Structures are given as structure tokens and as C-alpha cells.
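Engineer: Structure below; questions to follow.
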Amino acid sequence: MKKLVVFSLATILIAGCNSGTKKMETELKALIDTLEIKARPAEIGSALAYFNAAVTGKDEEYKKSSEFNIQLSRIYADTVIFARLKAIKESGKVKDSLLLRQLNILYNTFLGNQWNQKKMEDLINAQTKLEQRYSTFRATVDGKKVTDNEIEAFLKSSTNNKDLEKYWLASKQIGDTVGAEVIKLVKMRNEMAHSLGFTNYHDMSLRLSDQDPEKIERLFDELDSLTRNTFSTLKSDVDSVLAAKYKLRPDQLMPWHYQNRFFQEAPAIYNINLDSYYANKDVVQLAKDFYAGIGLDVTAILAKSDLYEKEGKYQHAFCTHIDRSGDVRVVCNVKNNEQWMGTTLHELGHGVYDKNIDMQLPYYLRTPAHTFTTEAIAMIFGRLSTNPYWLRDNAGISAEEADRIKQAVKNNLRLQQLVFSRWSQVMFRFERSMYANPDQDLNKLWWDLVEKYQLLKKPEGRNNADWASKIHIASYPCYYHNYQLGELLASQLQAYINTRVLKAGEYDIVSLSKNPEIGNYLLNNVFRPGAKYQWNDMIKRATGEELTAKYYAGEFLK
Ligand SMILES: [Zn+2]
Numbered sequence: 008m009k010k011l012v013v014f015s016l017a018t019i020l021i022a023g024c025n026s027g028t029k030k031m032e033t034e035l036k037a038l039i040d041t042l043e044i045k046a047r048p049a050e051i052g053s054a055l056a057y058f059n060a061a062v063t064g065k066d067e068e069y070k071k072s073s074e075f076n077i078q079l080s081r082i083y084a085d086t087v088i089f090a091r092l093k094a095i096k097e098s099g100k101v102k103d104s105l106l107l108r109q110l111n112i113l114y115n116t117f118l119g120n121q122w123n124q125k126k127m128e129d130l131i132n133a134q135t136k137l138e139q140r141y142s143t144f145r146a147t148v149d150g151k152k153v154t155d156n157e158i159e160a161f162l163k164s165s166t167n168n169k170d171l172e173k174y175w176l177a178s179k180q181i182g183d184t185v186g187a188e189v190i191k192l193v194k195m196r197n198e199m200a201h202s203l204g205f206t207n208y209h210d211m212s213l214r215l216s217d218q219d220p221e222k223i224e225r226l227f228d229e230l231d232s233l234t235r236n237t238f239s240t241l242k243s244d245v246d247s248v249l250a251a252k253y254k255l256r257p258d259q260l261m262p263w264h265y266q267n268r269f270f271q272e273a274p275a276i277y278n279i280n281l282d283s284y285y286a287n288k289d290v291v292q293l294a295k296d297f298y299a300g301i302g303l304d305v306t307a308i309l310a311k312s313d314l315y316e317k318e319g320k321y322q323h324a325f326c327t328h329i330d331r332s333g334d335v336r337v338v339c340n341v342k343n344n345e346q347w348m349g350t351t352l353h354e355l356g357h358g359v360y361d362k363n364i365d366m367q368l369p370y371y372l373r374t375p376a377h378t379f380t381t382e383a384i385a386m387i388f389g390r391l392s393t394n395p396y397w398l399r400d401n402a403g404i405s406a407e408e409a410d411r412i413k414q415a416v417k418n419n420l421r422l423q424q425l426v427f428s429r430w431s432q433v434m435f436r437f438e439r440s441m442y443a444n445p446d447q448d449l450n451k452l453w454w455d456l457v458e459k460y461q462l463l464k465k466p467e468g469r470n471n472a473d474w475a476s477k478i479h480i481a482s483y484p485c486y487y488h489n490y491q492l493g494e495l496l497a498s499q500l501q502a503y504i505n506t507r508v509l510k511a512g513e514y515d516i517v518s519l520s521k522n523p524e525i526g527n528y529l530l531n532n533v534f535r536p537g538a539k540y541q542w543n544d545m546i547k548r549a550t551g552e553e554l555t556a557k558y559y560a561g562e563f564l565k
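Going by my numbering, the first residue of the sequence shown is number 8, and it counts up by one from there.
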């Protein structure tokens, strides 16, 4: 408290005697240095506790994670520092580009924390509690606990319609358990957004992450019209294959027939069994060798990671940069199959990005340019698990086998992209509408969107909080659209690598293996700059164009 008074007096003096650029920049730099010293230990503590909580499921780690987050929110809630940041920003005097970037990032971070401290702490605690419930919840089928991996495996393999329904219903159990709490959280988030002058939390969340909500919506509208017809045609193909498989008429197919809890992935309708290529392989070793081949060593990341299933452990996957100084780790639940090959490559894609950021950059710029730019990198690599030439060069399938499955795999990847794109429409529009009005009938909203965009049929009379069975709705709010933006950028970067680095055709299927030039290009143009440039600047520098849907459409919608 005392320190702050002194600090604010000092800044007034500086501002009073000289309001020039140099003074303003000096003041800002001092302010950032002070902040870094305060925030850094809490940021490291928070990231470590989150990692440990996810891995162990232990109460005390979740508690620790919450405490660190509260500590951080207090640091960034400081009204005196915020007032200075605001004044410096509004003065327009800061010219140094690195300082300006830091100023914008910090201004948004502080703005997002200028809320009643008690309420902020309640929100953080409620979020952490809910996170733990998702992590440790296990669905039950016939009184027996089943993991998400088991449910997914069952939905993919069984042909018994009754059992499929049972497992799909089990995957929704979490929804009704947490639904009411999620709505409470949504309202708390909205209350914060309103008090900070935003329309609602969705609006605030996008704006503070440097995205214009109207532009994002227009992009989703554009993608909707780009994908609608192709998806509808492909969905008919899917339905005829699945109807034959389950011995039903296409109009009798239900959501549990699409081989995934949410129909966010392509059902296996083409005659390929990619899992068989990985069954006798060690997917972690394959990933490690692959990354080494393009000059991006992941040994140190893997050594710190937690890779396999455990009781009480978080069931999904993520990558975390603990200290912005190279302590990068991933959490996975690896099985030797195609899905986990893709996920391992994906998470390590985030990993090599974080690990290779220029550590000489100022602390607040040692992050990816945006969350969706790191998603894009993760996606470029995640897509390789189904790439025939990648399988040839990394998993030992023969050249003849690669050629034989090439067309089926290409069709599969296209279907995958369309299925995911339609699913992301549901997620984006659901969240936007939920934050605009959390009191509406959310169960109905969810199924209306699922029917409209995914062309699935709502089970007769179903009125449950199925939307709350998607963990992102609760724990990673207003984030999902970034996956779709990531796919667009992945295609854009891939086309650039194809033509400029590999001298291949824009949309050729290439194995991206054993060529350090690929790692080099990404290292110098995407990874090293960190958050030095605004995300669209970085993309323009790296590819010659701002973010565009052109290459995604060219790759998958022709
Ligand atoms: Zn990711």
C-alpha cells in the first residue's frame, strides 16, 4: 500500500515536468519492470499449480491454483497503475514499437481485472471448483465408471444401437450435474463485463483479446455460406454409410451414431483404418523423431510432461509454458492410436512455438502472437497423423500403401474439416447467444443450433443441459472460435510452406518430414517474434497476406 502511494507521486512528478516521448517511455518501462517483478512469481506459481492439479486431481493443487490466480487478479486490478497505463496510452506519446505492444497488452489485462475484488475472487474460486468437477467426473454405464477415452472408443467401435445410445447418454451425464453452476458462472462473468462497460462477457472477451466481435461474426457467416452445401452433400454420404453400418434407414440415425460425443470429428466412412498403423508403435517416440527431423527438438519438453492416463487426472490434453523462459510441458492421455498421434503432435506444436520464442524479448511479449496463432501451428502438425506421406516417412508404411490410401485420407481430412467447421459454428453461436441472454432456454438453443449447423436429429423429447457436457463452455469461455481461426491460418501457412519452402503445389499433400528448412521458416517467422507484432502483422510478415479464409477454402471446399 505504502509503496503504491510513493509510486504514484513519483509518476505525477515525472508526468508534470516533461510530457515528452522519452519521459513517457521511461516511465512506462519502469512501470513494466516493477510489474514483472511482482507478477512473475505468481504467474509461475499459477501455471505450476494448474499443471499439478490437472495431473493429480488433488484438492490442494486446485486450491493453490485458485490462490495464485487471485493473487494475479489483485496485481492486475491495481487502480493506480491502471490509471497510469490509461493516461500513457491516451497520451499517444509512446512511439517505441516494443513498448507500445506491451502497453496495449497490459492495458487490456488490467482492464479485464478492474472489477470488485471480492466478486473477482468469488468468480475465480467458482471457476476452479467447476474445473475440478469436470476433471474428476467419471460417467457411469450400468453402474460402472467409464473414462472419456473409453466412451469415445466405444462410440467408434460398437454397432449395437442400444449400447451406443447408452454410452452417448453417459457422456452427457456431466451436463445436468454442472449446468446450473455454469449458468451462475456465465452471469457472474456478464456482471463483470457490464461493470467494465462491455455489452456482455462474450463481447468483452473478444475485444480484450484484440478481436473485433463484428468481424469475427462476419467471418463465421462467410464460413457458414462457404461450407453449407458441401457439408450437406458430405453429410448425406456419411448418413448412407452409417445407416448401412447400423442397419437403419438414414432418417433413423441419431447423434450416438456419429462415432463422437459431439460429432466434432469425422466418422470413419472411408475404407481406411488409420489406428492400425499406430497400434504397434510408440506415438510419443514417433512425434519426437518427427520434430527432430524438422530441426525442432522436443526432448526437453517431453521430459517435463505427463503423458499417460491416471486416476483423477484431467482427461483432455494441453500444453503450458510455465515460466516464459522455456519450461514447457504437455499433458496428454496417450494411447497408441491415430487420435492420440494427432493430439500429441498438436500439443507439441504448441510446445515448439513456446519453447522457441525469443527469450530476449521483454517478459510480456514472450507469448505467441495470439491464442489462435499457436492453435494454427498445433493444427498444421496435428493434421499429419492422417497424412499418407507422413505415415510413410515416420510410421513405416510402404510407398504403395501410402498411394493406395491417399485419396481416402484426403477425403477424410476434408470431411474432418467440414465436420469441425460446422461444429465450431454451433459453439461460437451458442456462446454468443448464451452470454447475450443466459436466461433463455439454453437446452433448446443448443439443439436448435446442432440441428441447423450439424444436421443432427435431437432425440425425441430431450431436454437436458447437453451444452454443459462440453468442458469449453464452462472452463475456456469464448475461446472456441479460435480453433476455427487456427484452421484458417494453418491452411494459409501450409500453402506458404508448400510453395515457398518446399516448392510444391499450394494444396499438395506433403509429408513435412526430415527437412529442417520447415522448422527454420517457422522459427524465424512465427515462433521467435512471440508477441512482438500484433497478430495480423505477424501473419502478414510471415505469409505476405493478412489472415484470410482463401487457402482453407482452396484446400477443403473445392
Ligand atoms: Zn491446441
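Even glycine gets a Cβ: it sits at the ideal position worked out from N, Cα and C. Since the structure is predicted, the reported quantities are computational estimates derived from the model, not experimental observations.
Pull every residue with its beta-carbon under 6 angstroms away from any heavy atom of ligand 1, and keep them in chain order.
Structural biologist: Qualifying residues, in the order they occur: 353, 357, 382, 385.
Engineer: Alpha carbon to alpha carbon, how far is residue 120 from residue 468?
Structural biologist: The residue you call residue 120 lines up with position 113 of the sequence shown. The residue you call residue 468 lines up with position 461 of the sequence shown. Between residue 120 and residue 468, the C-alpha separation is close to 42 angstroms.
Engineer: The alpha helix (DSSP H) spanning residue 140 covers which residue range?
Structural biologist: Position 133 of the sequence shown, counted from the start, is the residue given in the question as residue 140. 124-143 is the extent of the alpha helix (DSSP H) around residue 140.
Engineer: Tell me, to the nearest whole angstrom, how far the beta carbon of residue 489 is from that of residue 562; I am working on the premise that it is less than 8 angstroms.
Structural biologist: As a position in the sequence shown, residue 489 is number 482, starting the count at 1. As a position in the sequence shown, residue 562 is number 555, starting the count at 1. Not quite, the Cβ-Cβ distance comes to about 19 angstroms (not below 8 angstroms), so this is no contact.
Engineer: Can you check which of these residues, 479, 450, 462, 487, is closest to residue 472 by C-alpha distance?
Structural biologist: The residue labelled residue 472 in the question sits at position 465 within the sequence shown. The shortest Cα separation from residue 472 among 479, 450, 462, 487 belongs to 450.
Engineer: Name the two residues that bound the continuous alpha helix (DSSP H) containing residue 89.
Structural biologist: As a position in the sequence shown, residue 89 is number 82, starting the count at 1. 86-98 is the span of the alpha helix (DSSP H), which, as asked, contains residue 89.
Engineer: Can you tell which of 334, 192, 237, 175 has its C-alpha closest to the C-alpha of residue 261?
Structural biologist: By 1-based counting over the sequence shown, the position of residue 261 is 254. Of the candidates 334, 192, 237, 175, the one whose C-alpha sits nearest the C-alpha of residue 261 is 175.
Engineer: Looking only at C-alpha atoms, which of 315, 327, 355 sits nearest to residue 299?
Structural biologist: Translated into positions along the sequence shown, residue 299 becomes position 292. Closest option to residue 299, Cα to Cα, is 355.
Engineer: In chain order, what residues of the same chain lie with their CB nearer than 6 angstroms to the CB of residue 132, ignoring the 5 residues before and after it?
Structural biologist: Taking the first residue of the sequence shown as position 1, residue 132 is located at position 125. Closer than 6 angstroms at Cβ, skipping near neighbours: 73.
Engineer: Using three-state DSSP, classify residue 230 as helix, strand or coil.
Structural biologist: Within the sequence shown, the letter at position 223 stands for residue 230. Residue 230: helix per DSSP, three-state reduction.
Engineer: For a quick check, are the C-beta atoms of residue 264 and residue 241 less than 7 angstroms apart?
Structural biologist: Locating residue 264 in the sequence shown gives position 257, where the first residue counts as 1. Locating residue 241 in the sequence shown gives position 234, where the first residue counts as 1. Going by C-beta atoms, residue 264 is not nearer than 7 angstroms to residue 241.
Engineer: Considering only DSSP beta bridges, list what residue 590 is partnered with.
Structural biologist: Because the chain spans 8 through 565 in this model, residue 590 falls outside it and cannot be assessed.
Engineer: Return the residue from the list 111, 106, 63, 42 that minimises the CA-CA distance to residue 87.
Structural biologist: One-based indexing of the sequence shown puts residue 87 at position 80. Per the Cα distances, 42.
Engineer: Name the one or two DSSP bridge partners that residue 326 has.
Structural biologist: For the purposes of this step, residue 326 is taken as residue 319 along the sequence shown, with counting starting at 1. Paired residue(s): 337.
Engineer: May I ask you to report which of helix, strand or coil DSSP gives residue 533?
Structural biologist: For the purposes of this step, residue 533 is taken as residue 526 along the sequence shown, with counting starting at 1. Correct three-state label for residue 533: helix.
Engineer: State the beta-bridge partners of residue 153 as determined by DSSP.
Structural biologist: Translated into positions along the sequence shown, residue 153 becomes position 146. Answer by DSSP bridge pairing, in chain order: 146.
Engineer: List in chain order: all unbroken alpha helix (DSSP H) runs of 4+ residues lying wholly within the segment 18-88.
Structural biologist: The qualifying runs are 28-63, 66-84.
Engineer: Between 557, 558, 531, which has its C-alpha nearest residue 545's C-alpha?
Structural biologist: The sequence position of residue 545 within the sequence shown is 538, counting from 1. Nearest option by C-alpha distance: 531.
Engineer: Can you find the residues in the same chain that come closer than 6 angstroms, C-beta to C-beta, to residue 361, ignoring five residues on each side of it along the sequence?
Structural biologist: Reading the sequence shown from its first residue, position 354 is the one you call residue 361. Within the same chain, residue 361 has close Cβ partners 328, 335.
Engineer: Starting from residue 416, trace the alpha helix (DSSP H) in both directions and tell me its first and last residue.
Structural biologist: Working through the sequence shown from its first residue, we reach residue 416 at position 409. Taken as a continuous stretch (DSSP letters only), the alpha helix (DSSP H) holding residue 416 covers 406-443.
Engineer: Residue 296 to residue 350, Cα distance in whole Å?
Structural biologist: By 1-based counting over the sequence shown, the position of residue 296 is 289. By 1-based counting over the sequence shown, the position of residue 350 is 343. Looking at the two C-alpha atoms, the distance is approximately 16 angstroms.
Engineer: Taking the alpha helix (DSSP H) that residue 603 falls in, what are its first and last residues?
Structural biologist: Because residue 603 is not part of the residues shown, which for the chain are 8 to 565, the question remains open.
Engineer: Below 8 angstroms on the Cβ atoms is my guess for residue 185 versus residue 442; work out the distance and round it to an integer in Å.
Structural biologist: Residue 185 sits at position 178 when you count from the first residue of the sequence shown. Residue 442 sits at position 435 when you count from the first residue of the sequence shown. Contact flag wrong, Cβ pair sits at about 17 angstroms.
Engineer: Over the uninterrupted alpha helix (DSSP H) stretch that includes residue 395, give me the two end residues.
Structural biologist: If you number the sequence shown from 1, residue 395 lands on position 388. It spans 395-401 - the alpha helix (DSSP H) in which residue 395 sits, taken as one unbroken run.
Engineer: So, under 8 angstroms CB-CB, residue 218 and residue 430 are touching, yes? Tell me the CB distance rounded to an integer number of Å.
Structural biologist: For the purposes of this step, residue 218 is taken as residue 211 along the sequence shown, with counting starting at 1. For the purposes of this step, residue 430 is taken as residue 423 along the sequence shown, with counting starting at 1. Actually they are not in contact, since the Cβ atoms of residue 218 and residue 430 sit about 20 angstroms apart, beyond 8 angstroms.
Engineer: Flag this pair as yes or no: are the beta carbons of residue 389 and residue 353 separated by less than 7 angstroms?
Structural biologist: Working through the sequence shown from its first residue, we reach residue 389 at position 382. Working through the sequence shown from its first residue, we reach residue 353 at position 346. For residue 389 and residue 353, yes; Cβs fall inside 7 angstroms.
Engineer: Less than 7 angstroms between the C-beta atoms of residue 283 and residue 401, yes or no?
Structural biologist: Here residue 283 is taken as the residue at index 276 of the sequence shown, counted from 1. Here residue 401 is taken as the residue at index 394 of the sequence shown, counted from 1. No, Cβ-Cβ distance for residue 283 and residue 401 is not below 7 angstroms.
Engineer: Could you tell me the distance, in whole angstroms, from the CA atom of residue 642 to the CA atom of residue 289?
Structural biologist: This structure leaves residue 642 out entirely; the chain is present only between 8 and 565.
Engineer: Whole angstroms are fine: how far does the CA of residue 225 sit from the CA of residue 498?
Structural biologist: Position 491 of the sequence shown, counting from 1, holds the residue named residue 498. Position 218 of the sequence shown, counting from 1, holds the residue named residue 225. Going from the Cα of residue 498 to the Cα of residue 225 covers about 19 angstroms.
Engineer: For residue 422, which option in 276, 525, 524 has the closest C-alpha, if you only look at C-alpha atoms?
Structural biologist: Residue numbering aside, residue 422 sits at position 415 when the sequence shown is read from its first letter. Residue 422 has its Cα closest to that of 276, out of 276, 525, 524.
Engineer: Spatial neighbours of residue 560 within its chain, please: C-beta separation below 8 angstroms, excluding the five flanking residues on both sides.
Structural biologist: Residue 560 sits at position 553 when you count from the first residue of the sequence shown. Once the five neighbours on either side are set aside, the close Cβ partners of residue 560 are 233.
Engineer: So, helix, strand or coil for residue 111, using DSSP?
Structural biologist: In the sequence shown, the residue the question calls residue 111 occupies position 104. If DSSP states are grouped into helix, strand and coil, residue 111 belongs with the helices.
Engineer: Within its chain, find whatever has a CB closer than 6 angstroms to the CB of residue 200; leave out the 5 residues flanking it on each side and keep chain order.
Structural biologist: Within the sequence shown, residue 200 is the residue found at index 193, counting from 1. 207, 208, 211.
Engineer: What residue range is occupied by the uninterrupted alpha helix (DSSP H) comprising residue 344?
Structural biologist: If you number the sequence shown from 1, residue 344 lands on position 337. That residue, residue 344, is in no alpha helix (DSSP H); it is neither H nor E in DSSP.
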